[in-house]
Amino acid sequence: MANTSTAHLPASKDLWVFVLGDFVIFGSYFVIFMISRRQERDLFIESQRQLSLNIGVVNTLVLLASSWFVARAVQVARSGEFERARKLTIGAGLCGVVFMLVKAYEWLAKIAQGHTFPSNSFFMYYYMLTGVHLFHVAIGLVFLGVVYVELRKRKPLALVETGATYWHMVDLLWVVIFALLYVMR
Amino acid sequence: MTVATAAAPAWTHKPKIDQWIAWWTIPVFYNVFGLIFVVLTRVMPPPRPDITPAQIVQFFVDHSLSIRIGFALLMFFIGFASVANGLIALQIKRMSVSPVFAYAYIGSLVVGGLPGCLIPAFAFVAAALRPDRDPQIMVMLYDWCLLSFVGSLGCFCTQNMVLALAIFLDRNDVLPKWLAYMSIWMIVTELLAAPVFVFRSGPLAWNGSISFYLGTVIFVVWEFCMIRLLYVAIRNQQPSEQIQD
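So the sequence lines, in the order shown, correspond to chains F and X. Residue numbers for the first sequence follow my numbering, so the first one is 1 and each next one is one higher. Residue numbers for the second sequence follow my numbering, so the first one is 1001 and each next one is one higher.
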């Protein structure tokens, strides 16, 4: 599989600036969330019960599956099977679309139940964190689209790795958001 | 012609001196900008949205003079923003993209400059001129200034999108791609300024840890990088380079 004998940093250095900086920014959101949670612990626990853990789990699995597709796409692209890499990229993108649809359904259901953005601190963080994350998913879909088109050109390995790294970042951020919003008691 | 050239001082013959003059206005401008908004007019960091009318009136009584001096200075210095933007637009024109990105960059900043600087300035100056007004009117001017100042950040989304897209599409490597990625952070912070229209306290209010402080930190980091990268871009530019119209 490895056509390069020396170790190298996958993806472009420019993207790593973004990934590491984005972790710092999201890390700040998480710290601020935890401080508010400490101050209004009962409200946060009570509001959390209004979220559907099942929907959260489904979306986590959908994103993990998309990460698997992307990782496989990088592997097969490295061994020169660009056509398969394109199909796997499509699979990852479809998972991303499903994630967005499930999230849209979840938001609409919460709004119908009367849990809106200004309802209370918990739902403020819920809509803010999932909203900013959704914006990252949307950019990721554009990214995967570019990877898909460029895979026609046979020499896009750096770009495929860059797209995959971005997508794994989106996945990792979701796992933390899922843990904080849906699971932590 | 030859006489005029001979009479001109030597430093004016330095290649790209025009761009260097424009570049030096940027650090000068941002220092004056910081002095005006942080020290004199007290708009940064923003005062609290959840105080009583009496406290708001007291705020204007206490800072009446410095608010008016600060915004009078702003009237002279605000135009310098266009020198910096002209320089960035010129560097965008050096990229292998259509100059439409450069024009859109300038235009989007004109849109943002109005609610981001001038509307807040006149709301605060009007309040500071007559602090003995009906307190409810003072509350309105206070809200007007700070909602406009922080809540208008979304107007700068286009600026960052245009810049990011131009850098991503550019094959001349005028500015590095990581600056384009950083512009995505800027877009996220600008989107997170919109909730100041909803919340009067907490992290998403106009003085909030997320809406204001985190956004400001990201802006300052971005601005430092931008100034440094413009310096590198001008330095690496061939004096003989032809730039598209």
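Glycine included, each C-beta is placed from N, C-alpha and C at the ideal position.
Just the C-alpha distance for Glu1223(X) and Ser52(F), rounded to the nearest angstrom, thanks.
-> Here residue 1223(X) is taken as the residue at index 223 of the second sequence, counted from 1. Here residue 52(F) is taken as the residue at index 52 of the first sequence, counted from 1. Near 42 Å, if we compare the C-alpha coordinates of Ser52(F) and Glu1223(X).
Who are the near neighbours of Met1138(X) in its chain, counting only those whose CB is closer than 8 Å to its CB and skipping five residues on each side?
-> In the second sequence, the residue the question calls residue 1138(X) occupies position 138. Cβ neighbours of Met1138(X) beyond the five flanking positions: Pro1053, Ile1056, Val1057, Phe1060, Ala1127 and Pro1131.
Residue of Tyr1231(X), Leu1229(X), Gln1237(X) and Val1217(X) minimising C-alpha distance to Met1044(X) = Taking the second sequence and counting its residues from 1, the one referred to as residue 1044(X) is at position 44. It is Val1217(X) whose Cα lies nearest to the Cα of Met1044(X).
Take His136(F) as the anchor and find which of Met169(F), Leu180(F) and Ser66(F) has the nearest alpha-carbon.
-> In the first sequence, the residue the question calls residue 136(F) occupies position 136. Among Met169(F), Leu180(F) and Ser66(F), the Cα nearest to that of His136(F) belongs to Met169(F).
Do Gly1112(X) and Ile1078(X) have their C-beta atoms closer together than 9 Å?
-> For this step, residue 1112(X) is matched to residue 112 along the second sequence. For this step, residue 1078(X) is matched to residue 78 along the second sequence. Contact flag unset, no.
Where Val1196(X) and Ile1187(X) are concerned, what is the direct C-alpha to C-alpha distance, given to the nearest angstrom?
-> Here the question's residue 1196(X) lines up with position 196 in the second sequence. Here the question's residue 1187(X) lines up with position 187 in the second sequence. So the alpha carbons of these two residues sit roughly 16 Å apart.
Under 8 Å from the C-beta of Leu1154(X): neighbouring residues of chain F | As a first step, residue 1154(X) is located in the second sequence; it is residue number 154 there, counting from the start. The question names Leu, but residue 1154(X) is Gly in the sequence shown. None at all; the shortest Cβ gap to chain F is about 13 Å.
Alpha-carbon spacing of Leu1165(X) relative to Gly1208(X), whole angstroms | Here the question's residue 1165(X) lines up with position 165 in the second sequence. Here the question's residue 1208(X) lines up with position 208 in the second sequence. Each residue's alpha carbon lies about 30 Å from the other.
Kindly indicate which three-state DSSP category Glu40(F) falls into: helix, strand or coil?
-> Counting from 1 along the first sequence, the entry for residue 40(F) is found at position 40. Correct three-state label for Glu40(F): coil.
Ordered along the chain, which non-local residues of its own chain (more than five positions away) have a Cβ less than 7 Å from that of Phe44(F)?
-> Counting from one through the first sequence, the residue named residue 44(F) turns up at place 44. Excluding sequence neighbours, Phe44(F) sits near Arg37 and Phe122.
Three CB pairs or more closer than 8 Å across the region 68-82 of chain F and the region 150-160 of chain F = yes
Under three-state DSSP, which class holds His168(F)?
-> Indexing the first sequence from 1 puts residue 168(F) at position 168. His168(F) falls in the helix class under three-state DSSP.
Hey, is Met100(F)'s beta-carbon within less than 9 Å of any beta-carbon in chain X?
-> Counting from 1 along the first sequence, the entry for residue 100(F) is found at position 100. It does not: the Cβ of Met100(F) has no partner Cβ on chain X nearer than 9 Å.
Using the beta-carbon count (16 or more within 10 Å), is Met1001(X) buried or exposed?
-> Locating residue 1001(X) in the second sequence gives position 1, where the first residue counts as 1. Model confidence at Met1001(X) stands at a pLDDT of 44, short of 50, so the residue's coordinates are unreliable; what they give is reported in the following sentence. Exposed: under 16 other Cβ atoms inside 10 Å.
Candidates Leu1229(X), Leu1035(X), Gln1244(X) and Phe1199(X), of which the one nearest Leu119(F) by Cα = What you label residue 119(F) is simply residue 119 of the first sequence in a count that begins at 1. Here residue 119(F) turns out to be Ser, not Leu, going by the sequence shown. Here the closest residue by C-alpha is Phe1199(X).
For Val1188(X), go through chain F and note every residue whose CB falls closer than 7 Å to its CB, in chain order.
-> Reading the second sequence from its first residue, position 188 is the one you call residue 1188(X). Val132 and Phe135, listed in chain order.
Grab the span of the alpha helix (DSSP H) containing Gly1151(X) for me, first residue to last.
-> As a working note, residue 1151(X) is residue 151 in the second sequence. From DSSP, the alpha helix (DSSP H) with Gly1151(X) extends over Pro1135 to Gly1151.
To the nearest angstrom, report how far apart Val1247(X) and Ala1007(X) are at their CA atoms.
-> For residue 1247(X) there is no data in the structure shown, the boundaries of chain X being 1001 and 1245.
What are the boundary residues of the alpha helix (DSSP H) that Asn1160(X) is part of?
-> Residue mapping note: residue 1160(X) aligns to position 160 of the second sequence, counting from 1. Its alpha helix (DSSP H) spans residues Cys1157 to Leu1169.
Under a Cβ-count criterion, where at least 16 other Cβ atoms within 10 Å of its own Cβ denotes burial, should Thr60(F) be classed as buried or exposed?
-> As a position in the first sequence, residue 60(F) is number 60, starting the count at 1. So Thr60(F) counts as buried.
Would you decide whether Asn3(F) is buried or exposed? Buried here means 16 or more other CB atoms lie within 10 Å of its CB.
-> Position 3 of the first sequence holds residue 3(F). Its pLDDT being 49, under 50, Asn3(F) is placed unreliably in this model, and the value from its coordinates should be taken loosely. Result: exposed.
Three-state class that DSSP yields for Met975(X) in the structure shown = What the structure shows of chain X is the stretch from 1001 to 1245, and residue 975(X) is not part of that stretch, so it cannot be assessed.
Using 8 Å as the threshold, is the region 1022-1036 of chain X in touch with the region 1067-1078 of chain X, meaning 3 or more CB pairs across them?
-> yes
Using CA coordinates, which residue listed in Ile111(F), Val19(F) and Leu129(F) is at the minimum distance from Ala179(F)?
-> Numbered from 1 along the first sequence, position 179 holds the residue referred to as residue 179(F). Of the listed residues, the one whose Cα sits closest to Ala179(F) is Leu129(F).
Chain F contacts made by the region 1190-1204 of chain X, where a contact means CB separation under 8 Å = Leu1191, Leu1192, Pro1195, Val1198, Phe1199, Gly1202, Pro1203 and Leu1204
Kindly say whether Met169(F), judged by its beta-carbon, lies nearer than 9 Å to any beta-carbon of chain X.
-> By one-based count along the first sequence, residue 169(F) stands at place 169. So no, Met169(F) is outside the interface.
Relative to the C-alpha of Leu20(F), which residue among Leu172(F), Tyr182(F), Met184(F) and Gln50(F) is closest?
-> Within the first sequence, numbered from 1, the residue matching residue 20(F) stands at position 20. Leu20(F) has its Cα closest to that of Leu172(F), out of Leu172(F), Tyr182(F), Met184(F) and Gln50(F).
Span of the alpha helix (DSSP H) around Gly1070(X) | Locating residue 1070(X) in the second sequence gives position 70, where the first residue counts as 1. Gly1070(X) -> alpha helix (DSSP H) spans Pro1053 to Phe1077.
Residues of its chain near Met1182(X), where Cβ-Cβ distance is below 6 Å and the 5 sequence neighbours each way are ignored | Taking the first residue of the second sequence as position 1, residue 1182(X) is located at position 182. The answer, listed in chain order, is Trp1222.
Nearest-angstrom Cβ-Cβ length linking Ala11(F) and Thr165(F), presumed shorter than 8 Å | Your numbering for residue 11(F) matches position 11 in the first sequence. Your numbering for residue 165(F) matches position 165 in the first sequence. Confirmed, Cβ separation roughly 4 Å.
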